[in-house]
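Q: Below you will find the structure I want to go over with you.
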Amino acid sequence: MREYTTDKLRNVALVGHQGSGKTTLVEALLFNTGAVSRLGRIEEKTTVSDWEDEEKERGISLSTSLIPLEFSDHKINVLDTPGYTDFQGEVKNAIRVADSVIVVVDAVSGVEVGTQLAWEYAEAYQQPIVVVVNKLDRENASFDRTMTSLRESFPEYKFIPVMIPIGEEANFKGVVNLITLKAYLGAGAERSDLPADIVDTAKAAHTVMVEAAAEADDSLIEKYFSEGDLAPEEIRDGMRKAARDAYLKTVPVFVTSGAKNIGTVPLMEAMVVYVSPPSERRVQVTPGDGGEKTFLYAPQSDSGPLAAYVFKTSNDRFVGTLNYFRIFSGSLSNDSRPYNSTRSVEERFNSLMLLRGKEQIAATTLHCGDIGVVAKLTHTKTGDTFASKDNALQISKPEFPDPLYTVALTPRTQADSAKMGTILTSLCEADPTLRWRQDPDIKQTVLEGMGEAHIAVSLARAEKLGVGIDTSVPKVPYKETVRKVGSATHRHKKQSGGAGQFGEVSMRVEPNSESNYEFKWAVVGGAVSTSFGPSIEKGINSVMERGVLAGFPIVQVRAVVFDGKEHPVDSKDIAFQTAGREAFKEAFLLGEPILLEPIMDVKITVPESMMGDILGDLNTRRGRVQGMDTIGGKSVVTAQVPHAEMLRYGNDLRSMTGGRGIYTIKFSHYDTVPSNVAQPIIAAHKAEEAAAHS
């Protein structure tokens, strides 16, 4: 592949709901540019984008693929993102490094939850949006219905068709270019006159587009008002201006069938015309001196300060680590030594390359705006910035959603146990939506991600890297506390010839809303020496972590030692530790002990027709609905639901909504577990203890 300068580069993120046809569309684009000799198919596991074994097996994209296209003397870097909502982190990072977002919409289904998510991310980064209505060849496909769905879902945007279809469903055979009013049949490389039956429709749509083009430029709108029309070049210029400016909220619309390779050449022409060159991009950065965030303003060029952002990392057992990066400013060459300003370390670029799916193409120099890959860096992770040492700026990272799905991990062998932490850390550093930790409350190793598929794919990657891990549903991090004051006295006395042990402690355990734990000494008259206070507290602390009621940590209590007895010879540290521990347990059980459970703030977005099912299901989960809203034809429910009821909610929501529902979840507070729910938990703990001692 030849070297491309900044003005000849275009970077687009291809986004949309799962199944909208992004990967198949990319195959058609590759075929039309001669990069492949035949169209790959997902069903045959032959697509360039979905090259990982897991992707072939599941038949869906699981990570962002970099697909450079050479077309019309330009290089178009297409970032083919996953549509499955478990992989939102991949979509966010791809949008971060693109210069325009192409939203692919299924002509049968219209706007779906994944469409809205991708749209929100594009808005968050003030990215211009282009819409491609795909799969026009399918049964029940409708361009007009899809346009209505778009306008209802995003009412603040103007959707302006630049292409309209010639025929629909099985009769879809080409597109009309509304600028030239010519027909482009098949892939669209050749133009011809319009079919007679579509002339009136095309002229009406042409007028709408001319008005949108005129509104983007003062001189064009003056000419349009005085002459009533614009020349094709002026229409193109106006639409280009509108399409490249996110603030104008004008969205050009194109129509395609990726599977039948219809309308795909005009789409590539649009990527060149309607997507800004990288020189026009501004990017938010934090200066090297750690001052306020600022921007690198356009124009960007090779001569500007180096600023390259690592948006993806993949780990391969044989190739090693691959870091994907976008150069926002400056340039990079083989054997250069850029400074990783995030980690304050210099890295050496020995093997600079371009990737097309899994195909590696060696590169010597990458110019400002290009997207490349470098292998075998030592310290660099996803989200890092390369800069120069004397201007160590950092590019702002995206904010990623909180994890939704958690599993407990158990290594299969001792060897796996030794390597598990290192491999999990490398996977989490590569994927910002993946987290692992040792949870002291439930005494388990847990892995958190965006859903079951996300976790399964991550663990499959761990296995390829040489670590076998089994999963289970994690325990719920319940807590224990008391509702009223409980008092008890415990005497520890042990005599076995020689030195004995003696200690007696009288203790109150009280509810304490101000802190998790407080120890107070209220002994008067010297019944127990204050020197035994730390011993008693040590005994209490040994109970706090493992609980009294059901084996969970104790919180929000105050332990008050108010009396006791000691022996001049036999009283010692161990005796008062034991007496303190047992007095605390007895007083705790007399203070109306209860279990507390984590309550989560949940926000669920589903099609309006499914609202009733969602509310009914929340009711069975002990959920308390806080509010309901309707946004763009979708219902949004906010509720507070116990964590125990949400452990596998993602699977259930997907089943209930056919994959058309999404949710977010965040910890809110702890609340009392109802007795009918608490009793089985307590009984199970007692049975475990009995089994352990038998």
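In terms of the working numbering, the sequence shown has 1026 at position 93, counting the first letter as 1, and numbering is strictly consecutive.
Every residue, glycine too, gets a C-beta built ideally from N, C-alpha and C.
These numbers come from a predicted model, not from an experiment.
Inspect the CB distances between the region 1040-1058 and the region 943-953 and report whether three or more fall short of 8 Å.
A: Taking 8 Å as the limit for Cβ pairs, the verdict is that the region 943-953 does touch the region 1040-1058.
Q: With which residues is T1246 paired in a DSSP beta bridge?
A: Bridge partners of T1246: N1256.
Q: Can you check DSSP and say which residues form a bridge with T1553?
A: DSSP, once it has assigned bridges, lists no residue as partnering T1553.
Q: Between the region 1493-1511 and the region 1010-1017, do three or more beta carbon pairs fall short of 8 Å?
A: Short answer: they don't touch.
Q: Would you call E1160 buried or exposed, if buried means 16 or more other Cβ atoms sit within 10 Å of its Cβ?
A: Label assigned to E1160: exposed.
Q: Where does the unbroken beta strand (DSSP E) through W1369 begin, and where does it stop?
A: Looking at the DSSP string, the run of the beta strand (DSSP E) that includes W1369 is R1368 to D1372.
Q: Given this structure, state the Cα-to-Cα distance separating G1022 from L1528, to the nearest angstrom.
A: Cα to Cα, G1022 sits roughly 36 Å from L1528.
Q: Is it the case that the region 1091-1104 contacts the region 1123-1135, given that we only count it when at least three CB pairs across the two stretches are under 8 Å?
A: The region 1123-1135 vs the region 1091-1104: in contact.
Q: Under three-state DSSP, which class holds S1212?
A: S1212: helix per DSSP, three-state reduction.
Q: Alpha carbon to alpha carbon, how far is P1575 from K1408? Give it in angstroms, no decimals.
A: Rounded to the nearest angstrom, the two C-alpha atoms are 13 Å apart.
Q: Output the boundary residues of the beta strand (DSSP E) element that contains G1466.
A: Element bounds for G1466: not the beta strand (DSSP E) but the alpha helix (DSSP H), G1466 to M1477.
Q: In angstroms with no decimal places, state the Cα-to-Cα distance between T1463 and P1526.
A: Going from the Cα of T1463 to the Cα of P1526 covers about 29 Å.
Q: Could you name the residues of the same chain whose beta carbon sits closer than 7 Å to that of M1204, not counting the 5 residues immediately before and after it, in chain order?
A: If we look at M1204 and ignore the five residues flanking it on each side, its Cβ neighbours are R943, V945 and I1009.
Q: Could you give the distance in angstroms between the alpha-carbon of N1584 and the alpha-carbon of A1386?
A: Those two C-alpha atoms are separated by around 10 Å.
Q: Are the beta-carbon atoms belonging to V1340 and L1380 less than 8 Å from one another?
A: Yes, these two residues count as a Cβ contact at 8 Å.
Q: Just list the beta strand (DSSP E) runs in the region 1371-1428, keeping only unbroken ones of 3 residues or longer that don't cross its boundaries, in chain order.
A: Listed in chain order, the complete beta strand (DSSP E) runs (minimum 3 residues) inside the region 1371-1428 are 1377-1382, 1402-1405, 1412-1415 and 1419-1427.
Q: Return the first residue and the last residue of the beta strand (DSSP E) that T1318 is part of.
A: It spans T1318 to A1320 - the beta strand (DSSP E) in which T1318 sits, taken as one unbroken run.
Q: Under the rule that 16 or more other beta-carbon atoms within 10 Å means buried, what is Q1489, buried or exposed?
A: Q1489 is buried by the Cβ-count criterion.
Q: Under a Cβ-count criterion, where at least 16 other Cβ atoms within 10 Å of its own Cβ denotes burial, should K1376 be classed as buried or exposed?
A: Label assigned to K1376: exposed.
Q: So, T1297 versus S1262, is the Cβ gap smaller than 8 Å?
A: Not in contact: T1297 and S1262 (Cβ atoms no closer than 8 Å).
Q: Leaving out five residues before and five after E1519 in sequence, what residues of the same chain have Cβ atoms less than 7 Å from its Cβ?
A: So the qualifying residues of the chain are A1421 and H1423.
Q: Which word fits K1427, buried or exposed, when buried means at least 16 other C-beta atoms lie within 10 angstroms of its C-beta?
A: With fewer than 16 other Cβ atoms within 10 Å, it is exposed.
Q: Determine the burial state of E1292: buried for a count of at least 16 other Cβ atoms within 10 Å of its Cβ, exposed for fewer.
A: By the neighbour-count rule (16 or more Cβ atoms within 10 Å), E1292 is not buried but exposed.
Q: Please report the residue range of the alpha helix (DSSP H) in which N1026 lies.
A: Where N1026 is concerned, the enclosing alpha helix (DSSP H) stretches over Q1021 to V1030.
Q: Which runs of the alpha helix (DSSP H) fall wholly inside the region 1099-1130 and span at least 4 residues, in chain order?
A: For the region 1099-1130, not a single whole alpha helix (DSSP H) run of length 4 or above is found.
Q: Does the structure place the region 1101-1119 close enough to the region 1056-1075 that three or more beta carbon pairs sit under 8 Å?
A: A contact exists between the region 1056-1075 and the region 1101-1119.
Q: Please list the terminal residues of the continuous beta strand (DSSP E) segment that includes E1530.
A: Note, E1530: beta strand (DSSP E), P1526 to P1540.
Q: Can you tell me whether Q1434 is buried or exposed? The criterion is at least 16 other CB atoms within 10 Å of its CB, across all chains shown.
A: With 16 or more other Cβ atoms within 10 Å, it is buried.
Q: Can you tell me which of D1222, L1285 and V1306 puts its alpha carbon nearest to the alpha carbon of T1275?
A: Comparing Cα positions, the closest option is D1222.
Q: Name, in chain order, the residues that DSSP records as bridge partners for L958.
A: L958 pairs with nothing; no bridge assigned.
Q: In chain order, what residues of the same chain have a beta carbon less than 7 Å from the beta carbon of S982, not counting five sequence neighbours either side?
A: The answer, listed in chain order, is T956, V959, S994, S998, I1000, D1013 and G1290.
Q: Considering Cα atoms alone, identify which of R1368, T1197, P1365 and K1412 is closest to D1374.
A: Taking only the C-alpha atoms, the option nearest D1374 is K1412.
Q: From the DSSP output, read off the bridge partner residues of P1185.
A: Per DSSP, I1093.
Q: When DSSP labels each residue in this structure, what does F1282 get in the three-state scheme?
A: DSSP places F1282 in coil when its eight states are reduced to three.
Q: Short of 8 Å in beta carbon distance, which residues of its chain neighbour R1177, apart from the five on each side in sequence? Order them along the chain.
A: Closer than 8 Å at the Cβ level, and outside the excluded window around R1177, lie S1033, P1061, Y1207, V1208, S1209 and E1213.
Q: Once DSSP output is grouped into helix, strand and coil, what is the label at A1492?
A: In the structure shown, A1492 sits in a strand (DSSP, three-state: E or B).
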